[in-house]
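Undergrad: Could you have a look at this structure, given as structure tokens, before my questions?
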Amino acid sequence: MSASSRDSLAGAGWQSQKPGSYRELMPAHVAKLSWLNPATLWKARNGPLAALLGDPTGTDRQRWVRGQLDRGAATADLVIERDDPDEYSFIYIADTGEGDDPQYAVVPGLLKAGAGTRYAVLSSDVIYPVGSANEYGTKFFQPYRDYDAPIYAVPGNHDWYDGLTGFMRVFCRAPALPPAARPRPLTAAWWRTLLWKSPDEPDDARLDEARLMRSAASQAASQPGPYWALDSGPIRIIGIDTGLLGGIDREQGEWLRRVSLGSRPKILVTGSPIYVDGEHHPCAIEGGGTVDEIVRDPTRNFVAAIGGDIHNYQHYPVDVDGRRIEYVVSGGGGAFMHATHTIPRVAVGGVTEEQFRCYPMRGDSLAFYSRLYGRRLRMRRLFDLTPDEASAVIARRLAVKPIRATGAPVTLRTRFVATVLGVAPRPHRRARVRLPVRRALTQVLSPGSATYSPPFFKSFLRLDVSPTAVRVRCFAATGLRDQELDPPVEDDFLIALPPTDGA
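Start counting the sequence shown at 1; every next residue gets the next number (the numbering used here).
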């Protein structure tokens, strides 16, 4: 097995190595997506508008689902029935579709580690920046053309920037929604419609041509809507659609409560993770209650909740009244990397720092961003930290033993850079100087952090299912040749499945 980032600098991808073959999979010309471009931000304006003037996602989602029911493309419970054996494997990947080097760099390792899997689940932000159907060719069909199994998906907020038109056309073969009734003049909804970005008109000829890249019978997939339940072997996977702002509407909440009944072990797949960055986000349901209340209900038998949206890997094994539920963030499928070094020492939901796992490790994240800031501010001699320096200062700040051995000293310079770049202060201390890294970096600066040379610090999951357990492995994708041939495992844990009564 290839060394991981927890073992060595080479395993993390820092030392000079041969680049991978992923570029051979890419189109001849790739438009690099810039999140610092005002035109891109203007295209993605629907999210801020929804937060400011009201979110139409719930209403539009209900219209999409009712349209599927009316045309006989779905049943009331939106269940996908599969004929899988009691022992099989599947892939989980999320936040993929920027269509550039980091996305394609994931593919060779995914094909290697995903060999023999029965299907893949793609959760959150299939297409950036606005989910257009006309971008699925190079951002979905081409990268995964050699994955010889079906792909099922739940949308992320960026897929909703297109009103879900592209997502529903590709994954559900749904026609466009008819125009909605116009709101009353001078209401918040009326002002919102004046600025709202309309969906792109799908070019069906172009889309049909793109579909040919995944046209084998073994790749065929049909799903009933943007949220669904998938019965597969001994487990049920439930995918929910958290829309633009990270919640679900009343109708979807009632559906979730209904399809979560029974003793069959269940895994939740969501675009908005429940535990993330050392915080608990239970996901509100319109009308009352939360998604996490359902997940924690012992009569529902959830064993895990996996979400995208944040572009890294995090694992929180939470004890819930004597049962363990594995809460996972796995959004490293191809988009820009969100920092992990800004995650404080973990103490949430009974999970301690010693139980918590993340990828990239905090030290590697800090080294990555120190180079980014050094380049952007033209102050490389001050900001650039080696991975060893970054790991050493993280260990000092969080009062933990370095995961990867380092002999680097902690100096005034490394402490200054760590403070400015948002590393949490030592216990019982408060940082005095800090760039607005955590929230501003997530919202503004991280999207501008995309790089086009390794290491990329991307990741995906392979889940191996049996009647008694599910083994979950997080594989790294650095963009380097050695890791393509033998993808490193950054986390590996087992979920024990409770006995069932057949329900």
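No residue lacks a Cβ here, since even glycine has one placed at the ideal position from N, Cα and C.
Nearest CA to the CA of THR406: which residue from LEU412, ALA105 and SER391?
TA: Translated into the one-based positions of the sequence shown, residue 406 becomes position 406. It is SER391.
Undergrad: If you reduce the DSSP assignment to three classes, tell me which class VAL489 lands in.
TA: Taking the sequence shown and counting its residues from 1, one reaches residue 489 at position 489. Strand at VAL489.
Undergrad: Can you grab the Cα-Cα spacing for the pair ARG404 / GLU353, in whole Å?
TA: Indexing the sequence shown from 1 puts residue 404 at position 404. Indexing the sequence shown from 1 puts residue 353 at position 353. Whole-angstrom Cα-Cα distance: 16 angstroms.
Undergrad: What did DSSP end up calling TYR128 once you bin it into helix, strand or coil?
TA: Against the sequence shown, residue 128 aligns to sequence position 128. TYR128: coil per DSSP, three-state reduction.
Undergrad: So, at 6 angstroms on beta carbons, what are the nonlocal neighbours of PRO199 in its own chain, with the 5 sequence-adjacent residues on each side left out?
TA: Taking the first residue of the sequence shown as 1, we reach residue 199 at position 199. Answer for PRO199: ASP162, GLY163 and THR165, listed in chain order.
Undergrad: State the Cα-Cα distance for the pair ALA217 and PHE171, rounded to the nearest angstrom.
TA: Indexing the sequence shown from 1 puts residue 217 at position 217. Indexing the sequence shown from 1 puts residue 171 at position 171. Answer to the nearest angstrom: the Cα atoms are 15 angstroms apart.
Undergrad: Which runs of the alpha helix (DSSP H), 4 residues or longer, sit entirely within the stretch 158-245?
TA: Qualifying alpha helix (DSSP H) stretches, in chain order: 165-172, 188-195 and 204-211.
Undergrad: Excluding the five sequence neighbours on either side, which residues of its own chain have a C-beta within less than 8 angstroms of the C-beta of MET1, listed in chain order?
TA: Looking up residue 1 in the sequence shown gives position 1. ASP486, PRO488 and VAL489.
Undergrad: Thinking C-beta only, is ASP7 closer than 9 angstroms to GLY332?
TA: In the sequence shown, residue 332 corresponds to position 332, counting from 1. In the sequence shown, residue 7 corresponds to position 7, counting from 1. Not in contact: GLY332 and ASP7 (Cβ atoms no closer than 9 angstroms).
Undergrad: What are the boundary residues of the beta strand (DSSP E) that includes ALA405?
TA: By 1-based counting over the sequence shown, the position of residue 405 is 405. Segment: none, ALA405 is in no beta strand (DSSP E) and carries neither H nor E.
Undergrad: Give the secondary structure of LYS43 by DSSP, where H, G and I count as helix, E and B as strand, and everything else as coil.
TA: Mapped onto the sequence shown, residue 43 falls at position 43. Helix, per DSSP.
Undergrad: With ARG323 as the anchor, note down where its beta strand (DSSP E) starts and where it stops.
TA: By one-based count along the sequence shown, residue 323 stands at place 323. From DSSP, the beta strand (DSSP E) with ARG323 extends over 323-330.
Undergrad: Could you tell me the distance, in whole angstroms, from the CA atom of GLU143 to the CA atom of PRO498?
TA: Working through the sequence shown from its first residue, we reach residue 143 at position 143. Working through the sequence shown from its first residue, we reach residue 498 at position 498. Checking the sequence, you will find Pro at residue 143 rather than Glu. The straight-line gap from Cα to Cα measures roughly 37 angstroms.
Undergrad: Can you list, in chain order, the residues of its chain with a C-beta nearer than 7 angstroms to that of CYS358? Leave out the 5 residues immediately preceding and following it.
TA: Against the sequence shown, residue 358 aligns to sequence position 358. So the list reads ASN312, TYR313, GLN314, THR340 and ILE343, once near-sequence residues are dropped.
Undergrad: What residues are listed by DSSP as bridge partners for HIS280?
TA: Position 280 of the sequence shown, counted from the start, is the residue given in the question as residue 280. Answer by DSSP bridge pairing, in chain order: TYR275.
Undergrad: Counting only the same chain and skipping the five closest in sequence on each side, list residues whose C-beta sits under 6 angstroms from that of SER466.
TA: In the sequence shown, counting from the first residue as 1, residue 466 sits at position 466. Excluding sequence neighbours, SER466 sits near GLU87.
Undergrad: If I measure Cβ to Cβ from PRO469 and keep anything under 7 angstroms in the same chain, skipping five residues before and after, which residues do I get?
TA: Taking the first residue of the sequence shown as 1, we reach residue 469 at position 469. What sits at residue 469 in the sequence shown is Ala, not Pro. Excluding positions up to five away in sequence, the list reads LEU494, ILE495, ALA496 and LEU497.
Undergrad: First and last residue of the alpha helix (DSSP H) that includes PRO499?
TA: Position 499 of the sequence shown holds residue 499. That residue, PRO499, is in no alpha helix (DSSP H); it is neither H nor E in DSSP.
Undergrad: If you reduce the DSSP assignment to three classes, tell me which class LEU36 lands in.
TA: Position 36 of the sequence shown, counted from the first residue, corresponds to residue 36. LEU36 falls in the coil class under three-state DSSP.
Undergrad: Write down every uninterrupted run of the alpha helix (DSSP H) in the stretch 52-81 whose length is 4 residues or greater and which is fully enclosed by it, in chain order.
TA: The qualifying runs are 57-70.
Undergrad: Figure out for me which residue from HIS158, SER132 and LYS32 has the closest Cα to the Cα of ALA50.
TA: What you label residue 50 is simply residue 50 of the sequence shown in a count that begins at 1. Minimum Cα distance to ALA50 is reached at HIS158.
Undergrad: Strictly by DSSP, which residues pair up with SER89?
TA: Within the sequence shown, numbered from 1, the residue matching residue 89 stands at position 89. Answer by DSSP bridge pairing, in chain order: ASP464.
Undergrad: Helix, strand or coil for GLN314? Go by DSSP, reduced to three states.
TA: Within the sequence shown, residue 314 is the residue found at index 314, counting from 1. Strand at GLN314.
Undergrad: Out of curiosity, what's the CA-to-CA distance linking VAL276 and VAL329?
TA: Locating residue 276 in the sequence shown gives position 276, counting from the first residue. Locating residue 329 in the sequence shown gives position 329, counting from the first residue. Answer to the nearest angstrom: the Cα atoms are 7 angstroms apart.
Undergrad: Tell me the rounded alpha-carbon separation between ALA305 and ASP241.
TA: Within the sequence shown, residue 305 is the residue found at index 305, counting from 1. Within the sequence shown, residue 241 is the residue found at index 241, counting from 1. Their backbone Cα atoms lie some 14 angstroms apart in a straight line.
Undergrad: Less than 8 angstroms between the CB atoms is what I'm expecting for VAL30 and GLY99, so what's the real figure, rounded?
TA: Your numbering for residue 30 matches position 30 in the sequence shown. Your numbering for residue 99 matches position 99 in the sequence shown. Going by Cβ atoms, the distance from VAL30 to GLY99 rounds to 6 angstroms, so yes, they are a contact pair.
Undergrad: In the DSSP assignment, what residue or residues form a beta bridge with VAL320?
TA: Start at 1 with the first residue of the sequence shown, and residue 320 comes out as number 320. Paired residue(s): ARG323.
Undergrad: Considering only their Cβ atoms, is the gap separating THR270 from VAL291 smaller than 9 angstroms?
TA: Position 291 of the sequence shown, counted from the first residue, corresponds to residue 291. Position 270 of the sequence shown, counted from the first residue, corresponds to residue 270. Cβ distance < 9 angstroms, so VAL291 and THR270 count as in contact.
Undergrad: Could you have a look at ALA418 and say whether DSSP puts it in helix, strand or coil?
TA: Here residue 418 corresponds to residue number 418 of the sequence shown, with the count starting at 1. Here ALA418 sits in helix by DSSP.
Undergrad: For the beta strand (DSSP E) that ALA304 lies in, which residues bound it at each end?
TA: Taking the first residue of the sequence shown as position 1, residue 304 is located at position 304. 302-307 is the span of the beta strand (DSSP E), which, as asked, contains ALA304.
Undergrad: Between ARG378, PHE383 and PHE356, which has its C-alpha nearest TYR369's C-alpha?
TA: The residue labelled residue 369 in the question sits at position 369 within the sequence shown. Comparing Cα positions, the closest option is PHE383.
Undergrad: Return the residue from the list PHE416, PRO425, LEU177 and VAL79 that minimises the CA-CA distance to ARG66.
TA: Position 66 of the sequence shown, counted from the start, is the residue given in the question as residue 66. Out of PHE416, PRO425, LEU177 and VAL79, LEU177 has the C-alpha closest to the C-alpha of ARG66.
Undergrad: Buried or exposed: where does ASP55 fall if 16 or more other Cβ atoms within 10 Å of its Cβ makes it buried?
TA: Along the sequence shown, one-based indexing puts residue 55 at 55. Looking at its Cβ environment, which holds 16 or more other Cβ atoms inside 10 Å, ASP55 is buried.
Undergrad: Shortest alpha-carbon distance to ASP101 belongs to which of PHE457, LEU461, GLU389 and ARG471?
TA: Position 101 of the sequence shown, counted from the start, is the residue given in the question as residue 101. When only C-alpha atoms are compared, the closest one is PHE457.
Undergrad: Should TYR452 be labelled buried (16 or more other beta-carbon atoms within 10 Å of its own) or exposed?
TA: Position 452 of the sequence shown, counting from 1, holds the residue named residue 452. TYR452 is exposed by the Cβ-count criterion.
Undergrad: Excluding the 5 residues preceding and the 5 following ARG214 in the sequence, name in chain order all residues of the same chain whose CB lies nearer than 6 angstroms to its CB.
TA: Taking the sequence shown and counting its residues from 1, one reaches residue 214 at position 214. Result list for ARG214: PHE141 and ARG145, in chain order.
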